[in-house]
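Q: Okay, so the sequence shown: first residue is 30 according to the numbering used here, each after it adds one. Shown below is the structure under consideration.
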Amino acid sequence: MTTASKAPFPFPLQLGALDWFCHPTDTDFLAPVWKDGQALAGNGYTALRVDRGYWDARDFEPASPAFLMRFETLPWARFHGIPDEWHKLDDIRGHLYRSAPTYPWTAKGKCAPSRVWRVGATFLARLSHLQLIARLPRCEIHLGVMGPEAPLLFRFNGGLGMLAADKKLTEAGFSVFQPQTYHDGTPVAKNQGPCVLPKKEPYWKAFEPTDA
């Protein structure tokens, strides 16, 4: 695959959907793997744990020690006991695909240039990654307590995953799921609208430099 798509992945997920979350050149993350009844996939930016899909264990190689050493050090424990601060990506689908989807990799297997969005109060993400995550069935992102290096947690029908924070991203051209406040600065208990356009910023920020 060399081009992006906005077509939603069907539920149950099929093997081809997991391939989108693998890395084109990293030998540890070239293909989805199997461990303890779950299909696992990662690429250094996104990681998935999938419990339900149109497959069985025979369709996968067992997860290698090199894969697990990198994958299991991710903060999966953050999913336990978190507050109910989930937001549906379907609510902003029109914004996500207002422009053509961006393929997340260059021909050399590097992270491709992409516009940058702010998600919630602080998290900066490449639009290409948000577009990909939004293809997962009924995908929701979590906007609870988020530190400067905390990943963006998401869940979907059949599994859960996370998008790593990237220190190279410093500016955003568009914001979604912004926390709202009353006139006195008191936060609104629940987000009343999915999107807020930042003032004095262009709708589409210039492309972020590639990692190449």
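Glycine included, each C-beta is placed from N, C-alpha and C at the ideal position. As the structure is a prediction and not an experimental result, all values here were calculated from the model.
1) Considering only their Cβ atoms, is the gap separating Arg107 from Phe58 smaller than 9 angstroms?
2) Can you give the beta carbon distance from Ile170 to His116, rounded, assuming they're within the 8 angstroms contact cut?
3) Under the three-state reduction of DSSP, which class applies to Val205: helix, strand or coil?
4) Are the CB atoms of Leu125 and Leu77 within a distance shorter than 9 angstroms?
5) What does DSSP give as the partner residue(s) for Gln67 in the beta ladder?
6) What are the residues that DSSP puts in a beta bridge with Phe183?
7) What are the complete alpha helix (DSSP H) segments, minimum 4 residues, inside the segment 120-180?
8) Kindly list the residues whose CB is nearer than 8 angstroms to the CB of Arg167, restricted to its own chain and excluding five residues on each side of it in sequence; keep chain order.
9) Name the two residues that bound the continuous alpha helix (DSSP H) containing Leu47.
10) Under 9 angstroms between the Cβ atoms of Phe50 and Asn72?
11) I believe Pro61 touches Pro180 by the beta-carbon criterion, under 8 angstroms. Please report the beta-carbon distance rounded to the nearest angstrom.
12) What number of angstroms, rounded off, separates the C-alpha of Arg144 from the C-alpha of Pro130?
13) Using the Cα positions of Phe203 and Trp146, report the straight-line distance between them to the nearest angstrom.
14) Assign Leu198 to one of three DSSP states: helix, strand, or coil.
15) Can you give me the C-alpha to C-alpha distance between Thr32 and Thr102, rounded to a whole angstrom?
16) Determine the direct distance from the alpha carbon of Phe183 to that of Pro112, and round the result to whole angstroms.
17) Compare the beta carbon distance of Ser157 and Ala136 with 9 angstroms and say whether it is the shorter of the two.
18) Compare the Cα-Cα distances from Leu189 to each of Lys197, Leu165, Thr199 and report the closest residue.
19) Could you have a look at Arg81 and say whether DSSP puts it in helix, strand or coil?
20) With DSSP as the reference, please indicate the residues paired to Lys35 in a beta bridge.
21) Beta-carbon within less than 6 angstroms of Lys219's beta-carbon, same chain only, minus the 5 sequence neighbours each way: which residues are those?
22) Which residues share a DSSP beta bridge with His116?
23) Just to confirm my understanding: we take Glu114, look at its own chain, exclude 5 residues before and 5 after, and list those with CB closer than 7 angstroms. What are they?
A: Answer, in terms of the structure:
1) no
2) 6 angstroms
3) strand
4) no
5) Lys64
6) Ile170, Gly190
7) 122-125, 156-162
8) Phe40, Lys117, Asp119, Phe185, Asn186
9) 44-48
10) yes
11) 19 angstroms between Cβ atoms; not a contact.
12) 11 angstroms
13) 5 angstroms
14) coil
15) 31 angstroms
16) 13 angstroms
17) no
18) Leu165
19) coil
20) DSSP output for Lys35 lists no bridge partner at all.
21) The predicted position of Lys219 is uncertain, since its pLDDT is 48 and thus under 50; a value taken from the coordinates is nonetheless stated next. Taken in chain order, the list of residues that qualify is empty.
22) Ile170
23) His171, Leu172, Gly173
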